[in-house]
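In the numbering used here, the protein residues as written are 15 to 457.
We treat Cβ as the ideally placed atom computed from N, Cα and C, and that holds for glycine.
Inspection log for the structure reproduced underneath, given as structure tokens.
Here's what the structure looks like:
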């Protein structure tokens with residue numbers, strides 16, 4: 015197929031750029047750091063922070079002016095703890111003033127252009143050094159390798175790429191990237207009438223590894239279960255780019271027979287968490303530095319990150335916008351990285367505003383045991399009121415609706431009146447992601 019050839023040509027270009035000899039050298043170094051004692055990891059981290067701060071103050075408008083205003087010199091920041099004297103950066107400020115953070119010290123020929131997807135509007139476009147991009151992929155492949163996913167393993171990818179024309183009505187709803195050993199499936203064409211074609215293709219090719227957005231993979235899993243099918247060719251499922259909730263994890267495991275593993279990261283590279291073999295979500299301390307700041311309203315901790323791997327666009331104490339639950343330090347045989355979170359539990363703006371002005375977050379657990387629900391999303395435009403759109407699975411009954419209302423009241427306590435609307439599908443963002451809460455008040 016001509017379109018497969020076009021995808022493969024692009025895949026060949028990406029493979030050459032991403033997995034050069036320099037990449038494999040950085041990957042070997044990332045594997046070596048994974049064996050270091052925590053004290054050695056901290057020493058490495060602090061040396062990277064010192065280098066980043068020195069370059070940021072010398073090469074960017076924002077940090078040059080900030081340090082002058084605060085009466086600081088770059089040499090005053092010697093370790094991760096010293097960063098606390100700097101203000102927290104908001105996404106909105108950086109997105110609105112990206113030129114202030116571009117380093118004049120980095121040759122543009124040594125950078126590539128990166129971007130974030132953005133959930134409520136345009137994302138952030140910024141430069142990253144080629145070494146920073148390789149470093150990010152080295153960390154991600156270190157995580158995959160730990161779980162037995164080797165480079166070159168065929169992958170069925172379910173992400174946000176519009177890989178098939180929107181007008182296409184018949185299979186194939188996928189394209190093949192042979193150099194990258196990927197079958198890229200269109201999440202936009204997945205439906206009750208097409209799901210059998212997807213599953214048949216996965217089984218025909220005996221694809222051993224599925225990777226993608228948890229919302230896309232959970233939707234596929236729910237449809238597989240509704241049709242009484244099971245996929246037995248898959249040995250690994252990994253997710254990224256969205257938070258994985260227990261409801262999605264359960265459906266994925268039932269449909270594919272394996273528990274999904276997760277890493278958490280973002281294009282800006284200010285924090286990265288990798289799940290270890292014991293199921294703990296460890297902060298990759300040798301890639302970026304993260305602080306956990308308790309939320310003023312509600313439980314959980316804001317993730318504040320510093321991207322010491324990308325000197326072209328330094329971000330110190332950048333508010334990621336996501337919430338971590340129960341950050342702790344443990345000794346775990348699955349990783350030398352000590353700091354662990356139990357989960358990443360949604361975005362800071364994933365909340366509803368109650369009648370008294372209280373912000374109520376952590377809404378994902380409502381659906382933990384609601385196996386008869388395929389997808390769900392809250393929308394709020396008025397304080398104290400919200401609309402919950404629900405996509406039902408086969409067998410959803412009046413008893414399920416009563417249970418859902420009970421769980422809503424248990425979590426919201428009558429502070430938010432929720433109207434339930436049953437729909438056949440829920441609109442995704444432009445990047446193909448599914449938001450649990452669309453809070454028009456917050457936006």
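Taking only the alpha-carbon atoms, compute the straight-line gap between residue i and residue j and give it to the nearest angstrom.
i           : j           : result
residue 329 : residue 437 : 41 Å
residue 135 : residue 443 : With a pLDDT of 47 at residue 135, under the threshold of 50, the modelled position of that residue is not reliable, and no figure is offered here.
residue 24  : residue 202 : 21 Å
residue 241 : residue 374 : 36 Å
residue 147 : residue 252 : 20 Å
residue 176 : residue 61  : 41 Å
residue 170 : residue 199 : 7 Å
residue 178 : residue 191 : 13 Å
residue 282 : residue 43  : 21 Å
residue 215 : residue 303 : 41 Å
residue 145 : residue 35  : 12 Å
residue 205 : residue 180 : 13 Å
residue 150 : residue 130 : 15 Å
residue 29  : residue 195 : 10 Å
residue 324 : residue 184 : 43 Å
residue 80  : residue 139 : 22 Å
residue 54  : residue 68  : 21 Å
residue 313 : residue 341 : 12 Å
residue 133 : residue 455 : Any reading at residue 133 is ruled out, since the residue's pLDDT is 48, under 50, leaving its predicted position unreliable.
residue 210 : residue 425 : 37 Å
residue 239 : residue 309 : 38 Å
residue 248 : residue 272 : 8 Å
residue 435 : residue 412 : 14 Å
residue 153 : residue 77  : 27 Å
residue 93  : residue 63  : 7 Å
residue 428 : residue 33  : 54 Å
residue 270 : residue 453 : 33 Å
residue 97  : residue 405 : 45 Å
residue 157 : residue 290 : 8 Å
Would you mind reading off the limits of the alpha helix (DSSP H) that contains residue i?
i           : result
residue 264 : 260-270
residue 154 : 144-160
residue 35  : 35-47
residue 76  : 75-84
residue 245 : Run containing residue 245: none; DSSP gives neither H nor E here.
My output table needs one value for residue i: the three-state DSSP class, helix, strand or coil.
i           : result
residue 203 : helix
residue 455 : coil
residue 213 : helix
residue 374 : strand
residue 231 : helix
residue 238 : helix
residue 281 : coil
residue 171 : strand
residue 7   : Outside the displayed span of the chain (15 to 457) sits residue 7, for which this structure offers no information.
residue 342 : strand
residue 140 : strand
residue 58  : helix
residue 253 : strand
residue 110 : helix
residue 409 : coil
residue 330 : coil
residue 69  : helix
residue 337 : strand
residue 99  : helix
residue 303 : strand
residue 359 : strand
residue 224 : strand
residue 133 : Bear in mind that a pLDDT of 48 at residue 133, under 50, signals an unreliable position, so the number given afterwards is only what the model happens to contain. DSSP places residue 133 in coil when its eight states are reduced to three.
residue 349 : strand
residue 28  : helix
Can you pull the DSSP bridge partners for residue i?
i           : result
residue 191 : 196
residue 308 : 315
residue 289 : 295
residue 394 : 453
residue 403 : 391, 435
residue 441 : Paired residue(s): none; residue 441 is not in a bridge.
residue 275 : 252
residue 125 : 143
Tell me where the beta strand (DSSP E) around residue i begins and ends.
i           : result
residue 117 : Here residue 117 belongs to no beta strand (DSSP E), and DSSP marks it neither H nor E.
residue 178 : Careful: residue 178 lies outside any beta strand (DSSP E) and carries neither H nor E.
Any Cβ of chain C within less than 8 Å of the Cβ of residue i?
i           : result
residue 138 : No chain C is part of this structure, which consists of one protein chain only.
Taking contact to mean at least 3 C-beta pairs separated by less than 8 Å, is the region 218-228 in contact with the region 161-175? Contact holds: three or more Cβ-Cβ distances are below 8 Å.
Is the region 395-406 touching the region 349-369, taking contact as three or more C-beta pairs under 8 Å? yes
Any contact of the region 252-272 with the region 383-394, i.e. 3+ C-beta pairs under 8 Å? yes
Below 8 Å, can you find three or more Cβ-Cβ pairs linking the region 114-126 to the region 85-95? no
Validate contact between the region 412-422 and the region 339-355 using beta carbons, cut 8 Å, 3 pairs: no
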